[in-house]
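Using the working numbering, the letters of the sequence shown map in sequence onto residues 17 to 394.
Glycine is no exception: its CB is placed at the ideal position from the N, C-alpha and C atoms.
Nothing here was measured: the structure is a model prediction, and the numbers come from that model.
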Amino acid sequence: MESKSRKKLRSGYTTGACAAAAAKAATLLLLGAPREKTPGVSAPCLPGTVEIPFPDGTRVSFPLKETGFDAARDITWASVIKDAGDDPDVTNGAEIRAEARLVPGEPERGIVLRGGRGVGIVTKPGLSVPVGEAAINPGPRRMIGDAVREAMNGSFSLPASVLEITISVPAGEELAKKTLNYRLGIVGGISILGTTGIVRPISAEAWTASITASLDVARAMAHETVVLSSGRTSERAHMERFHLPEEAYVMMGDYLEFSLRDAGKHGFREIHLCAQWAKMLKIGMATPQTHVRHGALDSARAAQFLKEIGIGTLPEGRIFNTAREIFDLITTAFPRQKAEFLARACSAAKAYAEGFTGGIPVTAYLVSYEGEIIARNE
């Protein structure tokens, strides 16, 4: 069987695109598509797909999971199941639902967009959506507006009312627990995201967007120190030692150079860099992207690096297969000097990192495999 890494990965669609498709279907149903006037009915009332425009000018058809209306409340709804393609997205398979209704007393042909159950509410400044509003990003808002206006333009009898669209995600509150929304101050559900409408499988776009959003929130909350960590263990170790506000912590993952440059643009007073040995070693060895597929351990370069930090008694031709092997060598073969050597490794990481921050100082903290800070730069 061909592995995903060898075959072309399939792209998918964002929650924003799915919301736009559901919103157009609900609007078509409300403004004239055939339907039985039976209160509470929840049966297919439209063709099985709906087509919407994308920002790049293309058009995409989405299969509808469900359409229906409630004649008693004069509300129609439609839903789409998100297909993220081969991207490991936590919202893949989620139902994205839109309700449509006409509200009297507002300007003709206006649109009001609201968030319903399972769509988060923004509670902290710094994001692209104001505090107090539903976490539906600007890109999806535009896509929803474009799709709904297409449906409105096709209506022959549009009343002088505002069209209210409510986006909901039935499983959104549970799905949000698997995201970093809580850190960004988005509570009660997921965010409706997507600039292009398309999910690129296993791309950097979603991760780097999350880094930028986290930095935006930290700066908006007036934090002058930001902590870039390579993972949860490193982040937790720093939290337990320094107790900085939660918004000051940003999970950079393997995107070292991007995170440092972006933090530099945000104008923080200082940056704390927190990582375990495998990542810290690669940073000290000047590796801008620390994932193994981008920066596998170079044994010869590692040996040279050890000499640079003062370990000059290695056996000739010594081969290192893993970063852990190097760490064990330092801590067991040099018990009296290990603290000094680890601090020098942190200093090398600091020097490399500061090349991307635009002059903002960096302090590098090394976290042990047991989850404690054991060294920092000299």
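Judged by DSSP secondary structure, residue 160 falls outside any beta strand (DSSP E) and instead within the alpha helix (DSSP H) spanning 154-169. When the beta-carbon positions are compared, residue 369 and residue 276 come within less than 8 Å of each other. Within the stretch 170-256, the complete alpha helix (DSSP H) runs of at least 4 residues fall at 188-192, 197-200, 221-236. Pairing residue 293 with residue 343 gives a Cβ-Cβ distance under 8 Å. Annotation for residue 277: the continuous alpha helix (DSSP H) segment containing it runs 272-282.
Here the alpha carbon of residue 198 sits roughly 10 Å from the alpha carbon of residue 263. Cβ contact annotation for residue 77 (same chain, cutoff 6 Å, sequence separation greater than five): 65, 67, in chain order. Boundaries of the beta strand (DSSP E) harbouring residue 289: 286-292, taken from the DSSP string.
Restricting attention to beta strand (DSSP E) runs no shorter than 3 residues, the stretch 72-101 encloses them at 75-79, 82-86, 91-97, ordered along the chain. Under the DSSP definition of a beta bridge, residue 368 lacks any partner.
For residue 352, there is no enclosing alpha helix (DSSP H), as DSSP marks it with neither H nor E. Of 91, 97, 88, 73, the smallest CA-CA separation from residue 79 is found for 97. Cβ neighbours of residue 194 within its own chain (closer than 6 Å, five residues either side excluded): 106. Between residue 208 and residue 134, the C-beta spacing is not below 8 Å. Its chain contains 249, 253 as the residues whose beta carbon lies nearer than 6 Å to that of residue 387, once the 5 sequence neighbours on both sides are disregarded; these appear in chain order. Annotated as proximal: residue 282 and residue 235, with beta-carbon spacing under 8 Å.
Shown here, residue 317 sits in a helix according to DSSP, grouped into three states. The beta carbon of residue 265 lies closer than 6 Å to those of 243, 251 in the same chain, with the five residues before and after it left out. By the CB criterion at 8 Å, residue 103 and residue 215 fall inside the cutoff. Taking C-beta atoms as the reference points, residue 241 and residue 284 count as a pair closer than 8 Å. Counting only the Cα atoms, residue 150 lies some 9 Å from residue 129. When the five nearest sequence neighbours on each side are left out, the beta carbons in the same chain lying within less than 8 Å of the beta carbon of residue 162 are those of 36, 68, 69, in order along the chain. The shortest C-alpha to C-alpha distance from residue 183 to any of 108, 367, 40, 335 is the one to 40. Of all alpha-carbon atoms in 360, 159, 164, the one lying nearest the alpha-carbon of residue 326 is that of 360. In the DSSP assignment, the residues bridged to residue 379 are 288.
Cα atoms of residue 345 and residue 357: separation of roughly 11 Å, rounded to the nearest angstrom.
The three-state secondary structure of residue 267, taken from DSSP, is strand.
For residue 31, the uninterrupted alpha helix (DSSP H) segment begins and ends at 31-46. Counting along the chain, the unbroken beta strand (DSSP E) around residue 130 starts and ends at 127-131. One thing to note: residue 179 has its Cβ within 8 Å of the Cβ of residue 126. Separation of the CB atoms of residue 32 and residue 156 is rounded to 3 Å, and the pair is thereby assigned contact status at 8 Å. A direct Cα-Cα distance of roughly 23 Å separates residue 315 from residue 269. Distance from residue 273 to residue 185 at the Cβ level is roughly 34 Å; contact not present, criterion being Cβ atoms closer than 8 Å. Rounded to the nearest angstrom, the gap between the Cα atoms of residue 118 and residue 85 is 13 Å.
The C-alpha of residue 347 is placed about 5 Å away from the C-alpha of residue 354.
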